[in-house]
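Residue numbers (my numbering): 168 to 498. Here the structure comes first, spelled out in structure tokens, and everything after it is commentary.
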Amino acid sequence: MLLQTVQQHILEEQRRHHPQASGEFSWLLSGITLATKIIAAQVRRAGISADVLGATDNENVQGEVQQKLDVIANQVLMKFLGNRGNVAIMASEEDDDPVVVERDRKHGKHVVVFDPLDGSSNIDVNVSVGTIFSILKREPDPTGTRDIMSDVLQPGYRQIAAGYVVYGSSTMLVYTAGNGVAGFTLDPSIGAYLLSHEKITMPECGKQYSCNEANYDSFPDEYKEYLSILRSGKTGRTYSSRYIGSLVADFHRMLLKGGVFIYPPTKSHSTGKLRLLYEANPIAMLAEQAGGMATDGRKRILEIQPTTLHQRTPLVVGSREEMALLAKIMQ
Ligand code: AHM
Ligand code: MG
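This is the structure we're talking about:
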């Protein structure tokens, strides 16, 4: 395979699909790649640096204790996206409200929503974590008076790009700009993301399902029935269970190997645990672009109209066959 950096790949994709593009979008994405290289370097040092490892004294808007790395990752992304010149609004899992880039509020064409470090409860134990991002377009706001929430609360089908970086045994960036999904592995010796997975497609079916089975007793009955069919062998396949507890890592495995990831409503999270805007939406766009599907059990994730920034949703995402079986049970 041709050795290609993520920047070259983005430019080539633009030339092919959007010949009139100004290059602003690739400039924006380069802010994300730079920020995630810095986050990757910090994640790699977590075990040996007290500045990086462990919890802060703060809780975020969701009432979760912030880890030092959550805060570092958030600051790095805010800094490198806020100085691009074309990002008007940024919204993060770690902040109560969206952040407006005042300098670019009137003309900035993009909104970026992100979870700076997903699965952060896994940091202390050296297990994969990730960054998830979703990019939306907005109309310019020449007077700078429009309600910023109307730019942020857009349904997922309006994303122009989405992706994640998984800080695993290697660091990988996986992204889509609406023309398929590509994966890049960070080569630490040269500090560049190199194309390693061209045109990723999710297998039609898989042999793994992924959910937090400790919540099983409080899953709605349809999900219990679904799991029991998967376990019974009635599908003609024998399933294994795999669950890391980092959405990015669990989804990454699903993307490459197929199967299904399930986070249904539970007793403690009656509307699901995962956040629509910066977790479910980008994952759903990637899944669909790779030939898979993503729903909240019934409805396509990308068609849900968000009403609040930190809104949660049930999430089922995976291969077409597993998703078809769930849809049949839900009918
Ligand atoms: P976080 O954004 O606070 O890290 O939480 C999200 C994580 C996801 O990565 C993962 O899928 C889920 O929470 C795991 O939840 P649970 O521990 O309830 O299984
Ligand atoms: Mg998260």
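Idealized CB from N, CA, C, for every residue including glycine.
Residue environment, residue i, which counts as buried when at least 16 other CB atoms sit within 10 Å
i, result
"S301", "buried"
"N448", "buried"
"T270", "The sequence given here places Arg at residue 270; Thr does not occur at that position. By the 10 Å Cβ count, R270 comes out exposed."
"A240", "buried"
"P309", "exposed"
"S407", "exposed"
Host alpha helix (DSSP H) of residue i (start-end)
i, result
"A494", "487 to 497"
"H184", "173 to 184"
"L394", "388 to 399"
"Q209", "191 to 212"
"D237", "235 to 249"
Backbone CA spacing between residue i and residue j [nearest angstrom]
i, j, result
"D291", "Q233", "13 Å"
"E446", "S399", "31 Å"
"A359", "L353", "6 Å"
"Q229", "Y376", "27 Å"
"E455", "F281", "19 Å"
"I199", "F247", "7 Å"
"L244", "G403", "45 Å"
"R305", "I396", "44 Å"
"R313", "P387", "41 Å"
"N293", "Q478", "29 Å"
"L519", "T480", "No answer is possible for residue 519: the residues shown for the chain start at 168 and end at 498."
"I450", "F418", "8 Å"
"L482", "G335", "23 Å"
"L163", "Y393", "Past the boundaries of the shown model lies residue 163; the chain is included only from 168 to 498, so the question cannot be answered."
"S288", "Q209", "16 Å"
Run of the beta strand (DSSP E) containing residue i, from where it starts to where it stops
i, result
"E226", "222 to 226"
"L443", "Taken as a continuous stretch (DSSP letters only), L443 belongs to no beta strand (DSSP E), as it is neither H nor E."
"L353", "348 to 354"
"L284", "277 to 285"
"I256", "254 to 259"
Query - Complete beta strand (DSSP E) runs within the stretch 409 to 439 (minimum length 3 residues, chain order) - result: Runs of the beta strand (DSSP E) spanning 3 or more residues and lying entirely within the stretch 409 to 439 occur at 427 to 430, in chain order.
Query - Touch test, the stretch 317 to 329 against the stretch 243 to 260, Cβ-Cβ under 8 Å, three pairs minimum - result: They touch, by the three-pair rule.
Report task. Specify whether the stretch 241 to 255 and the stretch 267 to 286 touch according to this definition: at least 3 beta carbon pairs, one from each stretch, less than 8 Å apart. Result -> Below 8 Å, enough C-beta pairs join the stretch 241 to 255 and the stretch 267 to 286 to call them touching: three or more.
Query raised in the report: Are the stretch 209 to 221 and the stretch 168 to 186 touching by the rule of at least three beta carbon pairs closer than 8 Å?
Result: The stretch 209 to 221 vs the stretch 168 to 186: no contact.
Query raised in the report: Enumerated in chain order, which unbroken segments of the beta strand (DSSP E) with a length of 3 residues or greater are wholly contained in the stretch 302 to 387?
Result: Those beta strand (DSSP E) runs which fall completely within the stretch 302 to 387 and span 3+ residues are 326 to 334, 338 to 343, 348 to 354, 359 to 364, 375 to 377.
Query - Cβ contact (3+ pairs, closer than 8 Å) linking the stretch 424 to 433 and the stretch 478 to 490 - result: Verdict: yes, contact present.
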